[in-house]
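Numbering (my numbering), first residue to last: 46 to 178.
Here is the structure:
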């Protein structure tokens with residue numbers, strides 16, 4: 046579902062075939078964005094994240110893609126509460142969370158690719174909390 050939403054958002058910004066597929070950390074990727082999971086498979090928590098390559102940043106792609114995915118989740122009544130964990134220093138991603146209506150839960154340390162990352166924990170229930178687009 047992410048790739049379909051991201052492809053539609055990126056269609057004017059990049060070639061659709063360059064949009065990467067969701068996968069795990071360490072997998073090769075070649076498109077303007079890539080997603081991965083920060084939690085082990087035993088943790089069942091709907092989570093959203095984004096990464097936009099530098100040459101595509103500043104165009105609102107991350108926010109538009111996240112909104113498209115959350116709107117689809119809302120319209121299909123999927124997932125319930127969705128979580129996001131941007132780095133505490135990532136002002137753009139924290140701004141996306143804020144602008145979409147996520148609630149700030151707190152700071153949290155997560156292990157990723159052999160290192161500890163300090164993140165902001167955000168949560169949203171798309172059906173109730175998603176701000177109008």
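Note that the Cβ used here is the ideal one computed from N, Cα and C, for glycine as well.
Per DSSP, reduced to three states, the secondary structure at residue 152 is strand.
Residue burial is scored here from C-beta neighbours: residue 164 has at least 16 other C-beta atoms within 10 angstroms and is therefore classed as buried. Sequence-distant Cβ neighbours of residue 178 in its own chain, meaning closer than 6 Å and more than five residues away, are 112. Counted as a single uninterrupted DSSP element, the stretch harbouring residue 158 is not any beta strand (DSSP E), since DSSP gives it neither H nor E. If you draw a straight line from the Cα of residue 156 to the Cα of residue 166, it is about 14 Å long.
Listed in chain order, the non-local C-beta contacts of residue 152 below 8 Å within the same chain comprise 133, 163, 164, 165, 166, local neighbours out to five positions each way being set aside. The residue among 114, 104, 102 with its C-alpha nearest the C-alpha of residue 94 is 114. Listed in chain order, the beta strand (DSSP E) runs fully inside the stretch 78 to 137 are 127 to 129, counting runs of at least 3 residues.
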